[in-house]
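Numbering (this note's numbering), first residue to last: 113 to 489. In what follows, a structure is listed as C-alpha cells, so that the remarks can point back to it.
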Ligand SMILES: Cc1ncc(COP(=O)(O)O)c(C=O)c1O
C-alpha cells in the first residue's frame, strides 16, 4: 500500500524540471541575491496575473500583513476585527503593532466571516474604549469571503477592509480577482500554499500608489532616498531573489494548476457529499483549494482520521483550536457572547490530500477509503 502525499511539492518539482534549475542557476550566476532583477520581474508578473496596480513582494505572508498595518499607522488604542477560525498570523500582526484584535465568528458552510458577527463586534470595541479602525477578512482554505456583504458593511461601520489572501491567491469573487479586493491584500508563498516558493515568501497588492511607496520603504528598514537614509522605523522584509526566480516559473503554470485543483475538489464533492458535509463555494466564486475540508460529526473525526492514516491516507486538522481559545489570544475580546460556530467546527473539520498532481488512482483510493472510514466510525 503506497503512501499518498497530503501536498506533493516533489511532483510539481518534477513537472517543472529544468525550468526551475535554469531560473535558479541564472540567479546563482548574477549573484544579486538581495533585490535582484527577478524580484522586480516577479512583481510585474504578479500584477499582470491578478490585476492589482502595485505588487510588492516580501519575506512572508505574516510580514505582508504586518507591513500593511504599519503603513496604515495602526497602533495602541485601535481595534481590528478578524476571524478566530484562521491561522495565528492574522491576529498576531494586530497585536504586533500594539492594537487589539477582536475576534468574530465564521459561517459553518464556507468557513468565512459571518457579517452579523462582525457587526455585533463593534459593541465590544466601544465597551473596551477602543477605536474600531479596520477588519482583516480571511479567505479560508482558498475561497473568497462574501465581499458583497462585507464591503458595504465595512463602509457603513467606517472600517477599512484588508484581505488576508494567504490561502486564496488565484481565486475569484464574482469576476473580481483576489488582489483587487479591499484597500490592500496580503498573500503568502509558504511552500504548502497554492502558489508556494521553496522557502518563505509573501506579497502585498494594492491600487494605492502612496501606500505602496510607504510599504516599499518599510520593507527595507524604512529607507528614504537610499538605504542609508532612514525616514521611518521599518523591518527587513524583502523576498530573496532566488525565491522570486522560483515563483516566476511557478506562476507560469499556476493557472493550469488551479484548474486541476478545482477538478479534484469537484470529484471529492461529487463522491463524498452523501457521507460528509462538503465545502460550499459561493455562486460565482472560485477557490484555489488551499485545503479541501470536510465536516463530520464531532466525536467521530479522530476515529476517521486515524483509520485513514492506517490506510496510508494523510489528513490534517485546520484548525483544532480557534484563536480565541489559544493561550496567547484568549484575553482578547470576542464578538457577542463567544463564537459558537468557530468552537463547534474546530471539532468537526478535517482536510483531505489536495494538490494538482493527484492522479485518478490516488483519487479513487482516497474517496473509497474516506467513505469506508466514515461508515465505520
Ligand atoms: C490565513 C493566513 N494568514 C497568514 C499566513 C502567514 O503566512 P506566512 O506563513 O507566509 O507568514 C498564513 C499562512 O501560513 C495563513 O494561512
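Ideal Cβ positions, reconstructed from N, Cα and C, are used throughout, including at glycine.
- When 119, 115, 129 are compared, the shortest CA-CA separation from residue 365 is found for 129.
- The closest CA to that of residue 249, considering only 349, 213, 391, 461, is found on 213.
- About 4 Å separates the beta carbons of residue 217 and residue 451, which is inside the 8 Å limit, making them a contact pair.
- In this structure, residue 398 sits near residue 374, with a CB-CB distance shorter than 8 Å.
- With a cutoff of 7 Å, residue 177 counts as near ligand 1, since its C-beta is closer than that to a heavy atom of the ligand.
- Ranked by how close their Cα comes to the Cα of residue 120, the residues 377, 314, 390, 306 have 306 in first place.
- Rounded to whole angstroms, the Cβ separation of residue 309 and residue 317 is 17 Å, and the two are not in contact under 8 Å.
- Counting C-beta atoms within 10 angstroms of its own C-beta, residue 224 has 16 or more neighbours from the protein chains shown and is therefore classed as buried.
- Within the region 254–299, the complete alpha helix (DSSP H) segments at least 4 residues long are 259–269, listed from N- to C-terminus.
- Residue nearest to residue 312 within the set 325, 331, 349 is 349 (criterion: CA-CA distance).
- Inclusion of residue 412 and residue 484 in the CB contact set at 8 Å is not warranted, their separation being larger than that value.
- Of the heavy atoms belonging to ligand 1, at least one sits nearer than 7 Å to the Cβ of residue 174.
- Counted as a single uninterrupted DSSP element, the beta strand (DSSP E) harbouring residue 170 occupies residues 166–170.
- Between the alpha carbons of residue 162 and residue 150 lies a distance of about 18 Å.
- For residue 188, the number of other beta carbons within 10 angstroms of its own is below 16, and it is reported as exposed.
- For residue 279, the CB falls within less than 7 Å of some heavy atom of ligand 1.
- For the set 159, 142, 143, the Cα lying nearest the Cα of residue 363 is the one of 159.
- Within a 10 Å sphere around the beta-carbon of residue 432 sit fewer than 16 other beta-carbons, which makes this residue exposed.
- The Cβ atoms of residue 175 and residue 314 sit closer than 8 Å to each other.
- Judged by beta-carbon spacing, residue 256 lies within the 8 Å limit of residue 283, meaning their Cβ atoms are closer than that value.
- For residue 462, the closest C-alpha among the options 414, 423, 438, 481 is that of 414.
- Contiguous beta strand (DSSP E) elements confined to the region 371–416 occur at 404–407, taking only those with 3 or more residues.
- Note that the C-beta distance between residue 408 and residue 457 is not below 8 Å.
- In the three-state DSSP reduction, residue 307 falls in the coil class, being neither helix nor strand.
- Cα atoms of residue 368 and residue 240: separation of roughly 48 Å, rounded to the nearest angstrom.
- Bounds of the alpha helix (DSSP H) holding residue 326 are 321–330.
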